[in-house]
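K.L.:
The listed protein sequences derive, respectively, from chains A and B.
Sequential numbering of the first sequence, starting at 1, is according to the UniProt record's numbering.
Sequential numbering of the second sequence, starting at 1, is according to the UniProt record's numbering.
There are 2 protein chains.
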Amino acid sequence: SSKPSTGGEATCKIVAAEHLHADGRVQVEWSSGDRSEYPWVWLRDNCQCPQCFHPVSLSRTFKLKELDLKLKPTNTLIEDGELRVSWSDGHESRHGSSWLQERAFEKQPRAKRTLVHRVPRQYWEASLPSVDWTRLLQEDAMLLQWLLLVEQYGLVLVHGVPKHSGCVKLLAERVAFIKRTHYGRDFSVIAKPNPSNVSYSNNALALHLDLPYYFYKPGVQLIHFVHQYEGEGGDSLVSDALQVAEHMRQHVPHLFHLLTTVPVDWVDHATEDDREYFKTLKMPILCLEEDRQTIWRVNFSQPQRDSFFSECPLDKVCQWYEALKTFHDLLYDPRFCRTFKMESGSLMTLDNLRVTHGRVGYPDGGEVKRHVEGCYIDWDEMLSRRRVLQRRLLHQTEQ
Amino acid sequence: SSKPSTGGEATCKIVAAEHLHADGRVQVEWSSGDRSEYPWVWLRDNCQCPQCFHPVSLSRTFKLKELDLKLKPTNTLIEDGELRVSWSDGHESRHGSSWLQERAFEKQPRAKRTLVHRVPRQYWEASLPSVDWTRLLQEDAMLLQWLLLVEQYGLVLVHGVPKHSGCVKLLAERVAFIKRTHYGRDFSVIAKPNPSNVSYSNNALALHLDLPYYFYKPGVQLIHFVHQYEGEGGDSLVSDALQVAEHMRQHVPHLFHLLTTVPVDWVDHATEDDREYFKTLKMPILCLEEDRQTIWRVNFSQPQRDSFFSECPLDKVCQWYEALKTFHDLLYDPRFCRTFKMESGSLMTLDNLRVTHGRVGYPDGGEVKRHVEGCYIDWDEMLSRRRVLQRRLLHQTEQ
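1. How long is the line joining the alpha carbons of F308 of chain B and D380 of chain B, rounded to whole angstroms?
2. Where does the unbroken alpha helix (DSSP H) through C318 of chain A begin, and where does it stop?
3. Cutting at 8 Å between CB atoms, please list the residues of its own chain near L144 of chain A, excluding the five before and the five after it.
4. Do you know how far the Cα of P284 of chain A is from the Cα of L383 of chain A?
5. Taking 8 Å as the CB-CB limit, is Y214 of chain A close to chain B?
6. Classify P73 of chain B as helix, strand or coil using the three-state DSSP reduction.
7. Strictly under 8 Å for the Cβ-Cβ distance: is L67 of chain B near chain A by that measure?
8. Using a Cβ-Cβ distance cut-off of 8 Å, determine whether W42 of chain B contacts chain A.
9. Please report how far the alpha carbon of L71 of chain B lies from the alpha carbon of Y183 of chain B, in whole angstroms.
10. Quick one: is Q302 of chain B near chain A, going by C-beta distance under 8 Å?
11. Looking at N352 of chain B and L209 of chain B, is the spacing between their C-beta atoms short of 8 Å?
12. Less than 8 Å between the beta carbons of I223 of chain B and L147 of chain B, yes or no?
13. Starting from the beta carbon of H251 of chain B, find every residue of chain A whose beta carbon is closer than 8 Å, and list them in chain order.
14. In angstroms with no decimal places, state the Cα-to-Cα distance between E92 of chain A and R84 of chain A.
15. May I have the straight-line CA-CA distance separating H19 of chain A from V26 of chain A, to the nearest angstrom?
16. Compute the Euclidean distance between the alpha carbons of T181 of chain A and V355 of chain A, then round it to the nearest angstrom.
17. Does DSSP put S86 of chain B in a helix, in a strand, or in coil?
18. Are the C-beta of C318 of chain A and some C-beta of chain B separated by less than 8 Å?
19. May I ask you to verify whether the segment 151–160 of chain B touches the segment 126–142 of chain B, counting CB pairs closer than 8 Å and requiring at least 3?
20. Tell me which residues share the same chain as T6 of chain A and place their Cβ nearer than 8 Å to its Cβ, disregarding the 5 neighbours each side in the sequence.
21. Helix, strand or coil for F256 of chain B? Go by DSSP, reduced to three states.
22. Compare the C-alpha of E66 of chain A against each of B:L324, B:W124, B:M342 and name the closest.
23. Just tell me which of B:G219, B:P120, B:G33, B:C312 has its CA closest to the CA of T349 of chain B.
24. Taking a cut of 7 Å between CB atoms, which residues from the segment 277–295 of chain A lie near chain B?
25. For chain A, check one thing: does any of its Cβ atoms lie closer than 8 Å to the Cβ of L137 of chain B?
26. For the pair the segment 328–335 of chain A and the segment 269–288 of chain A, tell me if three or more CB-CB distances fall below 8 Å.
27. Quick check on V150 of chain A - is its C-beta less than 8 Å from some C-beta in chain B?
28. Where does S2 of chain B land, buried or exposed, given buried means 16+ other C-beta within 10 angstroms?
29. Between the Cα of G234 of chain B and the Cα atoms of B:H257, B:K179, B:M342, B:L77, which residue gives the shortest distance?
30. Between which two residues does the alpha helix (DSSP H) harbouring T114 of chain B extend?
31. Counting contacts by CB-CB distance shorter than 8 Å, is V388 of chain B in contact with chain A?
32. By the criterion of Cβ-Cβ separation under 8 Å, what are the contact partners of E37 of chain B in chain A?
33. For D378 of chain A, count neighbouring C-beta atoms within 10 Å of its own C-beta (all shown protein chains included) and say buried if the count is 16 or more, exposed if not.
34. Quick one: grab the DSSP three-state call for S97 of chain B.
35. Within 10 angstroms of the Cβ of L77 of chain B, are there 16 or more other Cβ atoms? Answer buried if so, exposed if not.
36. Out of A:D315, A:V372, A:P303, state which residue places its alpha-carbon closest to the alpha-carbon of H54 of chain B.
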């Protein structure tokens, strides 16, 4: 997977270079006639020669303590499509045309790189995305498609899954590995008496996202319907909290603002394998990125919202509840909520930072058989796997 | 660990209650003469009766769809130190004095609750915190002390550790469980030829924090010196990036600002157990909480800073490098950096969101023996364990 540090197939070549001494940059002219500027200090820091960059680990070995902020070019050459600069610190750096082009400080190459980081999210269409289990496990192209669909839509159904235990683990390990929580690695949800968690019952489950009290809340949830309840009940509900939040931003901005700014105390007291856990975390319902625009995480779970509400000013409590209730009601609005019954041998993939899920109750009784198995995978591993497959299958050579 | 939902030992009792209809709140008067106000909607939402609150899972079962934002009190009683309110929705809620006191919307009870969430951080004193391995493993009080020290100082040394493999796993499982990364669960650092990661060599390692390209970057690192190199070299360096950052905030605020606002591309290309990983993440060197004041995470690693610098405006690059270099130089400043040689049979605990670590190089050669073992634990699990132990050992009854 390693590529030569310089050279490569550039769509256009460097034809000239001129130093802008006042700005401390070199201006490169491309065969297309376009120009790009690169700061000297950045070029030196990112010299790709084997002394400065380790070609196996693909990482910088040039030391920060050796970086001279006041360095200047002493000689500049263009040879074999490479920019070769000799510096006042005695080093000569070489940078190929394609390497420089990919890293240009202009809008277009940056937008391309952004897609390597994250693929844009989309709202659901009439039919929900779905893939076939056997192809998902056997074909890398289908694995890539599933990864992209989860990233884009936050919900992907998988059909044709075997009706036995172990499938969620198999799929998680096809991606990377399971995200362990205090509830274990993979877990079964079967009605059991005196449950320590409300999920472990046959009751209806209101729309929610899992484990809001985890700072490192699991990113993606796999839910395998090993055996679905065959009578009436046990249906699934899903609703896109991102779309609902954007709806609120547009129509009730003052309530949206409260959901993005008032921290909520989330809590869980659990005992698993004789060990107690006491998780608690303060975080708003809707978490915005540093741009204060993009929603990156939604927290919503009625049972795990603490009675402590320790950062909400007293005079905002009533309106915050109005915002909460509005959000709740919209999640159930038919414009956003889908209800369907998963069949035995099917699997649901959910973005646990975005898509709420719930369950219609089903009757209690000795004859009831419903077995659901689940586990989590973190987004770090999902995105990593998607990038590796894109590079391999789509011949994207970028590192 | 469950406690009665109402009643309990209150330091003072409710003596009177009066409704403030314009604000939708009840004002409670305590035996001390102080008063506290509670919004009606919050009281109803947090009714602690067995219909509304599940006493085993300690979680709310009252449904949001049943919450009437316009509910009003129809009757109010104080009996046995309990506030009993009948509501216009037909329900009667009961709340005990101590339960209400702990959740009062005033500053003092809230400050107390904040300590349950996080304990304040402190800078290092002349001698670094250390504990004894045997006591750490055998005494819960010592485990609690170690957990608190890691939370406060971000660095704790452990002495008297056995000189064999498996100790980091043992300690991680005494807390909860290991945080797995693409480098595995626990890992050995021994010099090996042609390393895929610069750590796996005998070279000096500059001060850094691990895995900056992980969105869910491991919270705490355990490093066990199973066998230290006995000649000259192999010393450890540690430096508190939080203290250095605060120093910069005070003395060079314009550079501090750049480190907190300019996202850096972090990257790792790894192959472990025949599987490729391609992690990349944009995040500043210094990450601020929503208050734009508190530093919650530091990212710093020269090898894993990408040559893509895809969100830095061209005209800020040079000054950003000045900020980076200043930060780097201060990390090595004797006011902040400590150097010492860990002995065989000792262990270092590091807050991987805060404290940088490095290594002095040691000679290569067939006779060299140095064996270090490491693993990670997430802060979610560290804090959970601390809270459970505080509740058990310090008789803190709060949920």
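Glycine included, C-beta positions come from ideal geometry on N, C-alpha and C.
P.N.:
Concretely, from the data shown:
1. The count along the second sequence starts at 1 and reaches residue 308 of chain B at position 308. The count along the second sequence starts at 1 and reaches residue 380 of chain B at position 380. The alpha-carbon atoms of F308 of chain B and D380 of chain B are separated by roughly 32 Å.
2. Reading the first sequence from its first residue, position 318 is the one you call residue 318 of chain A. Per DSSP, C318 of chain A belongs to the alpha helix (DSSP H) from 317–331.
3. The residue labelled residue 144 of chain A in the question sits at position 144 within the first sequence. Same-chain partners within the cutoff: R386, L389, Q390, L393.
4. Counting from one through the first sequence, the residue named residue 383 of chain A turns up at place 383. Counting from one through the first sequence, the residue named residue 284 of chain A turns up at place 284. Taking the straight line joining both Cα atoms gives about 25 Å.
5. Residue numbering aside, residue 214 of chain A sits at position 214 when the first sequence is read from its first letter. Chain B contact via Cβ: present.
6. Numbered from its first residue, the second sequence carries residue 73 of chain B at position 73. It is a strand residue.
7. Locating residue 67 of chain B in the second sequence gives position 67, counting from the first residue. Judged by the 8 Å Cβ criterion, L67 of chain B is in contact with chain A.
8. Here residue 42 of chain B refers to the residue found at position 42 when the second sequence is read from its first residue. W42 of chain B counts as touching chain A.
9. What you label residue 71 of chain B is simply residue 71 of the second sequence in a count that begins at 1. What you label residue 183 of chain B is simply residue 183 of the second sequence in a count that begins at 1. Distance between the alpha carbons of L71 of chain B and Y183 of chain B: 55 Å.
10. Within the second sequence, residue 302 of chain B is the residue found at index 302, counting from 1. Chain A contact via Cβ: present.
11. For the purposes of this step, residue 209 of chain B is taken as the residue at position 209 of the second sequence. For the purposes of this step, residue 352 of chain B is taken as the residue at position 352 of the second sequence. For L209 of chain B and N352 of chain B, yes; Cβs fall inside 8 Å.
12. Locating residue 223 of chain B in the second sequence gives position 223, counting from the first residue. Locating residue 147 of chain B in the second sequence gives position 147, counting from the first residue. No, they are not a contact pair.
13. Indexing the second sequence from 1 puts residue 251 of chain B at position 251. What H251 of chain B touches in chain A: nothing, since even the nearest Cβ is about 18 Å away.
14. Within the first sequence, residue 92 of chain A is the residue found at index 92, counting from 1. Within the first sequence, residue 84 of chain A is the residue found at index 84, counting from 1. Approximately 7 Å between the Cα atoms of the pair.
15. On the first sequence, residue 19 of chain A is found 19 positions in, with the first residue counted as 1. On the first sequence, residue 26 of chain A is found 26 positions in, with the first residue counted as 1. Their backbone Cα atoms lie some 4 Å apart in a straight line.
16. Within the first sequence, numbered from 1, the residue matching residue 181 of chain A stands at position 181. Within the first sequence, numbered from 1, the residue matching residue 355 of chain A stands at position 355. If you take the alpha carbons of T181 of chain A and V355 of chain A, they lie about 19 Å apart.
17. In the second sequence, the residue the question calls residue 86 of chain B occupies position 86. In the structure shown, S86 of chain B sits in a strand (DSSP, three-state: E or B).
18. Here residue 318 of chain A is taken as the residue at index 318 of the first sequence, counted from 1. Taking Cβ atoms only, chain B reaches closer than 8 Å to C318 of chain A, which makes this a yes.
19. yes
20. Locating residue 6 of chain A in the first sequence gives position 6, counting from the first residue. Confidence is the limiting factor: at T6 of chain A the pLDDT is only 38, short of 50, which leaves the residue's position unreliable, though a coordinate-based value still follows. Same-chain partners within the cutoff: Q48, E82, R94, H95, G96, W99.
21. Position 256 of the second sequence, counting from 1, holds the residue named residue 256 of chain B. In this structure, F256 of chain B counts as helix in the three-state DSSP scheme.
22. Mapped onto the first sequence, residue 66 of chain A falls at position 66. The residue with the shortest Cα to Cα distance from E66 of chain A is B:L324.
23. Locating residue 349 of chain B in the second sequence gives position 349, counting from the first residue. Residue B:G219 is the option with its Cα nearest to T349 of chain B.
24. Y277, F278, K279, T280, K282
25. Here residue 137 of chain B is taken as the residue at index 137 of the second sequence, counted from 1. With 8 Å as the cut-off, L137 of chain B does not count as an interface residue toward chain A.
26. no
27. For the purposes of this step, residue 150 of chain A is taken as the residue at position 150 of the first sequence. Not one chain B Cβ lies under 8 Å of V150 of chain A.
28. Residue 2 of chain B sits at position 2 when you count from the first residue of the second sequence. Note that S2 of chain B has pLDDT 35, beneath the 50 cutoff, so the model's placement of it is unreliable and no number is given.
29. By one-based count along the second sequence, residue 234 of chain B stands at place 234. G234 of chain B has its Cα closest to that of B:M342, out of B:H257, B:K179, B:M342, B:L77.
30. What you label residue 114 of chain B is simply residue 114 of the second sequence in a count that begins at 1. Looking at the DSSP string, the run of the alpha helix (DSSP H) that includes T114 of chain B is 107–117.
31. The residue labelled residue 388 of chain B in the question sits at position 388 within the second sequence. V388 of chain B counts as touching chain A.
32. Numbered from 1 along the second sequence, position 37 holds the residue referred to as residue 37 of chain B. L314, listed in chain order.
33. Counting from one through the first sequence, the residue named residue 378 of chain A turns up at place 378. Answer is buried; the Cβ neighbour count reaches 16.
34. Residue 97 of chain B sits at position 97 when you count from the first residue of the second sequence. Looking at S97 of chain B - three-state DSSP - the assignment turns out to be helix.
35. Numbered from 1 along the second sequence, position 77 holds the residue referred to as residue 77 of chain B. Its Cβ having fewer than 16 others within 10 Å, L77 of chain B is exposed.
36. For this step, residue 54 of chain B is matched to residue 54 along the second sequence. The shortest Cα separation from H54 of chain B among A:D315, A:V372, A:P303 belongs to A:P303.
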